[in-house]
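Engineer: Please see the structure below; I have some questions.
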Amino acid sequence: MEYLYPCTIIPDLVVNKFKHMFLLQRRSLYAVLFTSLCSLALAGNAAVASGAKTENPDYLNLTPTADQEKASRDIARQLQYAHYRSLKIDGEVSSEVLDNYIKYLDPQRIYFTQSDIDEFENYRYRLDGAIKSGQLDPAFRIYNRFQSRIVGRLNYITGLLNTGVAKLDFKKDEEILIDREEAPWATSESELDNLWRKRLKSAILSQRLLGKTDEDISNGLRKRYESQLSRIKQSRSEDVFQAYMNALTNIYDPHTQYFSPRNSENFNINMSLSLEGIGAVLQSDNEHTKVVRLVPAGPADKNGKLKPADRIVGVGQGDKGEIVDVVGWRLEEVVDLIRGPKKSVVRLEVIPATASNDSETRVINIVRDKVDLEDQSAQKHVLNINRGGREYKLGVIDIPTFYADFRAMQAGDPNYRSTTRDVNKLLSELKAEGIDGLIIDLRDNGGGALQEAIQLTGLFIQEGPTVQVRTADNRVRVYGDPDEQIAYTGPLVVMVNRMSASASEIFAAAIQDYGGGVIIGEQTFGKGTVQSVRGLSHGQLKITEAKFYRISGGSTQHKGVTPDVVIPSAIDKSEIGEDALPQALPWDHIDAVAHRRYGNFTPLISDLAKNHDIRMEKNAEYQALLQEIDFLKEAKAQKTISLREDIRKQELKSLQDRELAYVNMKRAAKKEAQFKTYKDYETFQEEQSAQAPAKKDLDFIARESGEILVDVLTMQQQIADSKS
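Residue numbers (the working numbering): 16 to 739.
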C-alpha cells in the first residue's frame, strides 16, 4: 500500500483542472446549470449529420453513421477494461441494455404496446455482440418504432382535443395511475386510446384547477402537442446513439456516461465557467424537467424559491414575457430557454415538490448570473446561546463547496483563494472573537476539489491520513495532511444533510474517524466514486475508475456518512441519494489505516440525542418540518388520481389547507404574521419571487446544532470536574 501526501489536485467527481462538479444520472441524463447551462441529455438540433432519410412525413427514419459504429466499439472496449466494476459485455448485459433502452424511451409505458415489446424480445441476448462489433441497427429499429408510436399518440390526442373539451365527462367516477413505470403494457391500440383519453382529462383538470378557461386550456394543450410533433421531426441519429450507449453505460454505474460531440462541447463549456445560468442540476423526469439540486451560491440558491424535486413546466423571459409550456420538451431545449444574458430575468413555472398533483404551480423569478468564487467562498457567523446563566459564543462557518482558484494557483499567485485558506482565515478571526466552540456547515455542499477536503481536514488534525482511494486494479493510495500545525482544537460540530456529497463526505468522515467532532444532520448522499473523462473519436466517455474509502476502512460509496445525532429534512431519500440511483456501486470496505483519535464522543451520543429530542418536542419549526415530511410521504404514497372534477377540487382544497397549516406554524415560531388564506400565501410567494433574495439567516437546525454543541461543552466540563 502506498502512503502519499499529494501536492497535486486529485479528481473528486470529474477529472478537470479548472472545476469539479457534481453530476448525476437517473432514468435519463442530467443537465448542469452552473455558470453555464450544460445539456447532458439527448442532443437535438445540433447533432452530427446522419444517414437519415425521410420515409414518413411525420418523422425521419434514422440510421447509424460510421462514426457512431466506431464509437460503439471504443465504448465497449473501455467499459470492459477500464471501468472500476469488472464486467464483460455478454448476454446478461445485453438483456439489461434492452430493458434500460426501452425504459429510457418509454418510462411510463404510454407509447409501446405489448406486441412491440414481444417483437423487441428477439434482441434480448443478441445486443452484446452487436455493440462490440459496432452493429447499431437494433437500436435504430426500436427508436424508429418509438417515433412512429409517438406520432400516433399525439395525433390521437390532438384529434380528441379538437372534438371539444365539453365532450369529455368530468363527472364520471374514474381514475388514472400517477406512476406507470411498473404497469403492464397496453395489449391493443384501443387500450392505449383509453389511457390517453384519461391523460387528456387529467391535463385539462389540472389547468381548470389553476383557473384557466376551457378555450385557453384547449389552445395551450394544442400548442403543446403540436410542439411535440414538431420535435419528433427534428430527431437525429445522435439522439438514438446517445440514448443507446447510456443504456449500456448505466449498467456499470449511474455516473458513467457517454456524451455526444455536442454535449461534450457543452460539458467542457460548463467546466470552464463561460456562460450564465441559474445554478441548478436538472434531469428529465418523464414529460417534465426536474430539479435535482441547486449549486451552492448560484442564482437559484440565493433566490431561495426553487427547491430540489420541483418540476419545471414553463419558462418565460423577463418580468412579463409569456411563459412557454415546456412539458414534453427535450432537456437541452429547456436548458436553452433558461440560459441567457447575465443579469436578465428568467421566470420558471414549477410544480413544487410538495404538490401531490399537477394542479399546484407557482412562478419563480430568477436573475441569471455567474457563480463567482467569491459567492461560493466560506462565510462566518457568530451564534450566541444562553444556558444556565452563561452566554456561549459559537462560531459558524458555512462552506458551500470545496473550491480553489486553480488558474491563480497555476500562475503562481501566492494569494490564491481556496476553501482551506479562507476557512483558516475565518478561524483566526473567530478565535480572536473568543468563541467557545465551532460549527462547520456542510449542508447542500455537493463536493468539489478533493485536495481541499484533505487540506481542510488538516486544519483540525496533526499530520495523518484523510482518505483512501482504490482503483480498479485494487491498488490503494492513502492521501493525507503532512502539516503538523492545527488551526483549531476546540469543540467541533459538523452539519450535513442528504445533499452533502463526495468531498463533504470525506471531510465529515475523517472528523468522525479521528474523534474530532460530532456529526449532526442526516445520512449524506453516498457519492464515493471517482470519474475521469476520456476522449473518443466521436464524443467523450465519463467513466468510473476508483472508489473512496474512509481511513477506518469503510467506503463512503452508497452509505455516505451516518450522523451521530439525526435531524431529518424534507428531502426525499428515495428520490435523491446514491442508494436511490439504479446500478450504484455497492458499499464495501478495505483495511483501516493507522490513525490517532483526538476524542471519543460515543459515551455522550445517547445523552446528546435525548436532550435534542426534548428540545425538538417543543420547537414549532421542527414540528412543522415533521408535518411537511409526513405530508410529502403521503403524497408520494398516492398511487392514483381521480378524474372527477369535484373530487379533484376537494383534494386540492385539503392539500392547500394542510400546507397552509404547517407554513403558519413555521411563521408563528419566528413571530411572523399568519396567512389567513392560501391565496394570501400564494400572493406572498409571488411577491417574494419578484424581489431580490434576502440574506440568509441561521435556521433553526443551525441553532439546534449550537444547542448540541453547548451540550457537548457542558458534558465535557462535567466529566473534567468529576476527575478533578
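Glycine included, each C-beta is placed from N, C-alpha and C at the ideal position.
#1: Considering Cα atoms alone, identify which of G427, E674, G505 is closest to L474.
#2: Are three or more beta carbon pairs between the stretch 139-159 and the stretch 109-116 nearer than 8 Å?
#3: For I644, which residues from the same chain have a beta carbon less than 7 Å from its beta carbon, with the 5 sequence-adjacent residues on both sides left out?
#4: Inspect the beta-carbon positions of V255 and I219 and report whether they are closer than 8 Å.
#5: Does the beta-carbon distance from E571 to A525 come in below 8 Å?
#6: Kindly list the residues whose CB is nearer than 8 Å to the CB of R659, restricted to its own chain and excluding five residues on each side of it in sequence; keep chain order.
#7: For the beta strand (DSSP E) containing V378, list its first residue and its last residue.
#8: Quick one: using the 10 Å Cβ neighbour count with 16 as the cut-off for buried, is A609 buried or exposed?
#9: Closer than 6 Å by C-beta to G479: which residues in its own chain qualify, once you throw out the five before and the five after it? Chain order, please.
#10: Smallest Cα separation from I414: which of E674, P122, L457?
#11: Hey, out of D82, A145, G331, whose CA is closest to L551's CA?
#12: Tell whether a beta-carbon distance below 8 Å holds between H573 and D587.
#13: State the DSSP-derived secondary structure class of V678, mapped to helix, strand or coil.
#14: How is P480 classed by DSSP in three states: helix, strand or coil?
#15: Just the C-alpha distance for M730 and L619, rounded to the nearest angstrom, thanks.
#16: Taking the beta strand (DSSP E) that V108 falls in, what are its first and last residues?
#17: Nearest-angstrom Cα distance between Q638 and R630?
#18: Let me make sure I understand the geometry here. Which of I293, A468, R100, G174 has the alpha-carbon closest to that of S359?
#19: Can you tell which of D208, V166, E302, A97 has its C-alpha closest to the C-alpha of Y119?
#20: Pull up the distance between the alpha-carbon of H396 and that of G449, whole angstroms please.
#21: Measuring CB to CB, does A607 end up less than 8 Å from I558?
#22: Check H98 in the structure and name its three-state DSSP category.
#23: Between the alpha carbons of R223 and D229, how many angstroms are there, rounded?
#24: Could you round the C-beta distance between V365 and D325 to whole angstroms and report it? I think they count as a contact, below 8 Å.
#25: Take the Cβ of K542 as the centre, count every other Cβ of all protein chains shown within 10 Å, and call the residue buried at 16 or more, exposed below.
#26: Just how far apart, CA to CA, sit S657 and K691?
#27: Counting pairs of beta carbons, one from the stretch 261-273 and one from the stretch 192-212, are three or more of them closer than 8 Å?
#28: What does DSSP give as the partner residue(s) for F563 in the beta ladder?
#29: Counting pairs of beta carbons, one from the stretch 122-131 and one from the stretch 87-107, are three or more of them closer than 8 Å?
#30: State the DSSP-derived secondary structure class of L433, mapped to helix, strand or coil.
#31: Beta-carbon within less than 7 Å of A91's beta-carbon, same chain only, minus the 5 sequence neighbours each way: which residues are those?
#32: Mind the definition here: the stretch 328-344 touches the stretch 399-407 only if three or more C-beta pairs lie below 8 Å; say whether that holds.
#33: May I have the straight-line CA-CA distance separating L641 from V491, to the nearest angstrom?
#34: Enumerate, from N- to C-terminal direction, the unbroken beta strand (DSSP E) stretches of 3 or more residues contained entirely within the stretch 639-679.
#35: By DSSP, does L142 sit in helix, in strand, or in coil?
#36: Who are the Cβ neighbours of L236 in its own chain at under 7 Å, not counting the five residues just before and after it?
Structural biologist: Here's the rundown:
#1: The residue with the shortest Cα to Cα distance from L474 is G505.
#2: With the cut-off at 8 Å, the stretch 139-159 and the stretch 109-116 touch.
#3: These residues qualify, in order along the chain: P583, A585.
#4: For V255 and I219, no; Cβs fall outside 8 Å.
#5: Note on residue identity: the sequence assigns Thr, not Glu, to residue 571. No, these two residues do not count as a Cβ contact at 8 Å.
#6: Cβ within range, chain order: F185, K186, K187, D188, E189.
#7: Unbroken beta strand (DSSP E) run through V378: 377-382.
#8: Result: exposed.
#9: Once the five neighbours on either side are set aside, the close Cβ partners of G479 are G495, H610.
#10: For I414, the nearest C-alpha among the options comes from L457.
#11: Out of D82, A145, G331, D82 has the C-alpha closest to the C-alpha of L551.
#12: Contact: no.
#13: V678: helix per DSSP, three-state reduction.
#14: In the three-state reduction of the DSSP assignment, P480 falls in the strand class.
#15: Between the alpha carbons of M730 and L619 lies a gap of roughly 8 Å.
#16: Looking at the DSSP string, V108 is not in any beta strand (DSSP E); the run it does join, the alpha helix (DSSP H), is 106-120.
#17: Each residue's CA atom was taken as its position, placing Q638 and R630 some 11 Å apart.
#18: Distance check between S359 and each of I293, A468, R100, G174 places I293 closest, using alpha-carbon atoms only.
#19: Among D208, V166, E302, A97, the Cα nearest to that of Y119 belongs to E302.
#20: If I take the Cα positions, the gap works out to 13 Å.
#21: No; because the gap between Cβ atoms is not below 8 Å, this pair is not in contact.
#22: In the three-state DSSP reduction, H98 falls in the coil class, being neither helix nor strand.
#23: R223 and D229 have their C-alpha atoms spaced approximately 7 Å apart.
#24: By a beta-carbon distance limit of 8 Å, V365 contacts D325. Their separation comes to about 4 Å.
#25: Result: buried.
#26: Annotation: S657 to K691 spans about 28 Å, alpha carbon to alpha carbon.
#27: With a cut-off of 8 Å, the stretch 192-212 and the stretch 261-273 do not count as touching, because too few Cβ pairs lie within range.
#28: According to DSSP, residue pairing for F563 in a beta bridge involves V484.
#29: No, the stretch 122-131 does not touch the stretch 87-107.
#30: The sequence given here has Ser at residue 433, not Leu. Residue state, collapsed to three classes: strand.
#31: Taken in chain order, the residues that qualify are I104, I146, K147.
#32: Touching, no, given that fewer than three Cβ pairs across the two stretches are closer than 8 Å.
#33: Straight through space, the alpha carbons of V491 and L641 are spaced by roughly 43 Å.
#34: DSSP runs (the beta strand (DSSP E)) wholly in the stretch 639-679: 655-657.
#35: In this structure, L142 counts as helix in the three-state DSSP scheme.
#36: For L236, same chain residues with a beta-carbon under 7 Å away, outside a window of 5 residues either side, are L176, A218 in chain order.
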